[in-house]
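For the sequence shown, full-length UniProt numbering begins at 1 and goes up steadily by one. For reference, the structure discussed in these notes is given below.
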Amino acid sequence: MDRPSASSFSFGRNHGHHSQHAHHSANHHSHQRRRAQERGGIDLICRAKYGNTLPDLPFEPKFLQSPFISLNRFIGYKPSSLEKCFRYELLTEPDLNVKIDLIDPMTYYCDSSGKFSLDPIDEQLLEDENLSQLNTRRSIQHRKVVPWMRKTEYISTEFSRYGIGQTGAERPDTKIGYGMKNRIKNEPFEYKDRDSQIAAIQRTFTEAQKPVQRHYSKAGVTAVEEIPIFPDFELWKYPFAQVIFDADPLPYCKENREQKLIEAIIRGMADTEGNQFVGYFAPLDEALQQRMADDDEEFGSYKEGME
């Protein structure tokens, strides 16, 4: 049997190579078709890149609280060993302007067993503060609580909210007569019966007639003039409250200002939460004319100016 020639052998190799390439391309197309079906029918093989920018935020940036992540880990600082071991160069003057005697070793020797005196300025720095000196006679007089004088009560929303209030330990009626009771604890009580009480009251009138020669607490201070003080016999029976404003209660008013201040009224009010406050009401121009006309049948309008 004759062997195949070289030309026939080369043809057989080329034919096998073309058949393998066709089979590989068919598998590749079927694989791409399968991937396209899995992607839901997308015709584009490559990924699309869009260059559209995002719109602006519809609101201003703000901080949100994150209760799940602690922010201390972002601000906690721990020095490294390089910083701890670093030695800073100290640039100081020679001897720091201190004359050090290196010749005589006994110059700075201090005998702890013996007594030595310090400079008067250094002794004042080493003295302990004496708290008894702070309790001067004037401060003791201010701390006294007398039964005929009540403490100032502030009518304010902030004081009722943050202050002590009427149920605290600083109620004025709980300390009325407390100092007098401690003072006469060991003294005989002179007001046991009605006659002794009447005699004590009569004695106050005689004591008031004695002239005052000197000050009760300050030595060397004498009285120059005595002026009798009497209550208002016409208005003593009417209760009143003194109100002091921190600012102008009528800053917008320019016409008839003095008359409106005279005719203004103050009224205690309360809001829905129960907080009490005081309202300052000033009459309008029409109401002011009616008040000046003194007509009892007409009613005027007031405008709230301050709380």
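Backbone N, C-alpha and C fix where the C-beta goes; we use that ideal spot for every residue, glycine too. Keep in mind the model is a prediction, meaning the values are calculated, not measured.
ask   = Should proline 55 be labelled buried (16 or more other beta-carbon atoms within 10 Å of its own) or exposed?
value = Here residue 55 is taken as the residue at index 55 of the sequence shown, counted from 1. With fewer than 16 Cβ atoms within 10 Å of its Cβ, proline 55 is classed as exposed.
inquiry  = Checking 8 Å against the spacing of the C-beta atoms, do tyrosine 280 and proline 239 come in under that value?
reply    = Mapped onto the sequence shown, residue 280 falls at position 280. Mapped onto the sequence shown, residue 239 falls at position 239. For tyrosine 280 and proline 239, no; Cβs fall outside 8 Å.
task = Indicate the three-state DSSP secondary structure (helix, strand or coil) for phenylalanine 74 in the structure shown.
result = Stepping through the sequence shown from its first residue, residue 74 is reached at position 74. If DSSP states are grouped into helix, strand and coil, phenylalanine 74 belongs with the helices.
ask   = Which partner residues of arginine 267 appear in the DSSP bridge assignment?
value = As a position in the sequence shown, residue 267 is number 267, starting the count at 1. Answer by DSSP bridge pairing, in chain order: Gly279.
task = Take the Cβ of lysine 62 as the centre, count every other Cβ of all protein chains shown within 10 Å, and call the residue buried at 16 or more, exposed below.
result = Within the sequence shown, numbered from 1, the residue matching residue 62 stands at position 62. Result: exposed.
query = Would you say the segment 247–263 touches the segment 214–233, given that touching needs at least three Cβ pairs under 8 Å?
reply = no
request  = Excluding the 5 residues preceding and the 5 following glutamate 89 in the sequence, name in chain order all residues of the same chain whose CB lies nearer than 7 Å to its CB.
outcome  = The sequence position of residue 89 within the sequence shown is 89, counting from 1. Nothing meets the Cβ criterion.
Where the alpha helix (DSSP H) containing lysine 254 begins and where it ends = Here residue 254 refers to the residue found at position 254 when the sequence shown is read from its first residue. It is not in any alpha helix (DSSP H) - lysine 254 carries neither H nor E in the DSSP assignment.
task = Give the straight-line distance between the Cα atoms of serine 117 and glutamate 123, rounded to the nearest whole angstrom.
result = By 1-based counting over the sequence shown, the position of residue 117 is 117. By 1-based counting over the sequence shown, the position of residue 123 is 123. Approximately 9 Å, taken between the alpha carbons.
ask   = Around the C-beta of alanine 282, are 16 or more other C-beta atoms found within 10 angstroms, so that it is buried, or is it exposed?
value = Working through the sequence shown from its first residue, we reach residue 282 at position 282. By the 10 Å Cβ count, alanine 282 comes out buried.
query = What is the DSSP secondary structure of residue 314, counted as helix, strand or coil?
reply = One cannot answer for residue 314 here, as it falls past the ends of the chain, which runs 1 to 307.
inquiry  = From the DSSP secondary-structure annotation, give me the bridge partner or partners of lysine 204.
reply    = To locate residue 204, count along the sequence shown from 1; it is residue 204. At residue 204 the sequence reads threonine, which differs from the lysine that was named. BP columns for threonine 204 are empty, so no partner.
inquiry  = Here's a check: name, in chain order, each residue in its chain whose Cβ is nearer than 8 Å to the Cβ of aspartate 271, leaving out the five neighbours to either side.
reply    = Here residue 271 refers to the residue found at position 271 when the sequence shown is read from its first residue. Only Phe277 meet the Cβ criterion.
Separation of serine 70 from tyrosine 109, as counted between CA atoms = Within the sequence shown, residue 109 is the residue found at index 109, counting from 1. Within the sequence shown, residue 70 is the residue found at index 70, counting from 1. Their backbone Cα atoms lie some 57 Å apart in a straight line.
query = In whole angstroms, what is the alpha-carbon distance linking glutamate 153 and leucine 57?
reply = Taking the sequence shown and counting its residues from 1, the one referred to as residue 153 is at position 153. Taking the sequence shown and counting its residues from 1, the one referred to as residue 57 is at position 57. The straight-line gap from Cα to Cα measures roughly 53 Å.
Residues near arginine 214 by beta carbon distance below 6 Å, same chain, minus five either side = Taking the sequence shown and counting its residues from 1, one reaches residue 214 at position 214. Answer for arginine 214: Thr222, listed in chain order.
query = Hey, quick one: how far does the alpha helix (DSSP H) through isoleucine 121 stretch, first residue to last?
reply = Working through the sequence shown from its first residue, we reach residue 121 at position 121. Per DSSP, isoleucine 121 belongs to the alpha helix (DSSP H) from 120–126.
inquiry  = Using 8 Å as the threshold, is the C-beta distance between residue 331 and glutamate 226 below it?
reply    = Residue 331 is absent from the model: the chain starts at 1 and stops at 307.
request  = Output the boundary residues of the alpha helix (DSSP H) element that contains serine 139.
outcome  = By 1-based counting over the sequence shown, the position of residue 139 is 139. Serine 139: member of the alpha helix (DSSP H) spanning 137–142, first to last residue.
query = Taking just the CA atoms, how far does arginine 267 sit from arginine 291?
reply = As a first step, residue 291 must be located in the sequence shown, where it is residue number 291. As a first step, residue 267 must be located in the sequence shown, where it is residue number 267. Those two C-alpha atoms are separated by around 19 Å.
ask   = Does the distance from the CB of leucine 288 to the CB of asparagine 256 come in under 8 Å?
value = If you number the sequence shown from 1, residue 288 lands on position 288. If you number the sequence shown from 1, residue 256 lands on position 256. Yes, the pair counts as a contact, with Cβ atoms nearer than the cut-off.
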